[in-house]
Amino acid sequence: MDLLAVFSHTLQVTLPVFAMVFLGIVFKRIGWIDAHFISMASALVFRATMPTLIFLSIVRADLDVALQPGLIVYFLGFSVLSFFLAWGWAIWRCPHAERGVFTQGAFRGNCGIVGLALAANQYGDYGLSLGSILVGGIIIVYNVLSAIILAYYSEGARSGLGAILKHIAKNPLILGVLLAIPFAYFHIDLPTWLLTSGDYFGAMSLPLALVCIGGTLSFTSVKQSSGLALDASLWKVLWLPLLGVLGAFALGYRGRELGILFLFFGSPGAAASFVMAKAAHANAKLAANIIVITTVASLFTISAGVFILKLVGWI
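When you line the sequence shown up against the working numbering, it's residues 9 to 323, in that order.
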């Protein structure tokens, strides 16, 4: 494949996703959407449309192909490792009070929206099916580790084990995954009208969520960013994806699987990081800055990563 073809393929993967984010920025600027719309739409995506999308993608998946224990274990295992790497760096480089927010921002990615959208755009139904299973697992890892690190460093945090378990048990995305697996495993057929209606409903998820992400971005935050925000952002969009891909390659992963791992590892910071930091009375401004910087930077780092991996024939 020549350079022009690789470059064209890269743009086909990344531009549709980030175009939706850009539209959110434009719509917010011209007043077509506001904070109330973003809040309500985000809640709709989280509670209803995204769980529907994930449920249907798994129900239609061939679990013999999409359910890959080794890949899932590696993805979750490296995510846990990245948490400890970021925490170690925070202990060395950050003031004590900022270490929890730094660690969360450096390791926690927006896999459920941006990563899943990129995987679906790159690999179609296979990317959506495998990606949905990965999302179900990583949500648990992110929530547990983030709650622990914020509680450890933030005096105002009240995140006991019971609260964490209750939050996980009520998470609609996790419930969507757990509910879908028996349907897929036992090949339970659903009525055609229900599947079609579900497709219409679930199809709103990714574009609506991406528009909401764009609507929440504030470039004033980028101008006012601290060195800590830039440092955490480099971990999130550069160093951890690089280490994660090299580790997966060393274990023999290639093609679609390696591509999906890169897209998930390279996803920008998650909006939930800000919510959890604010709830823990930690430095919410630092969390917001990391989200903005990683969202903007990931357009370039993910595009460059896909281009390089495609060029060398790894994906």
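Heads up, the beta-carbon is just placed ideally off N, CA and C, and yes, glycines get one too.
Check	Outcome
7 Å Cβ shell around A292 - same chain, five flanking residues per side excluded	F282, A285 and K286
DSSP three-state assignment for G277, whether helix, strand or coil	strand
Endpoints, the alpha helix (DSSP H) within which D197 is located	D197 -> no alpha helix (DSSP H), and no H or E assigned at all.
Endpoints, the alpha helix (DSSP H) within which K36 is located	L11 to I38
Assigned secondary structure, G321 (DSSP; H/G/I helix, E/B strand, else coil)	coil
Contact check, T111 vs I157, beta carbons under 8 Å	yes
Proximity winner among C102, Y150 and G277, relative to A296 (alpha-carbon distances)	G277
Selected residue, minimal CA-CA separation from F26, among F315, K318, F257 and S311	S311
The alpha helix (DSSP H) enclosing C220, as first and last residue numbers	S213 to T224
Cβ-based neighbour list, C102, same chain, cut-off 7 Å, excluding 5 preceding and 5 following	F110 and L236
Alpha-carbon spacing of L64 relative to L12, whole angstroms	36 Å
Proximity winner among V304, F257, A288 and F30, relative to L317 (alpha-carbon distances)	F257
Status (buried if at least 16 other CB within 10 Å, exposed otherwise) for G113	buried
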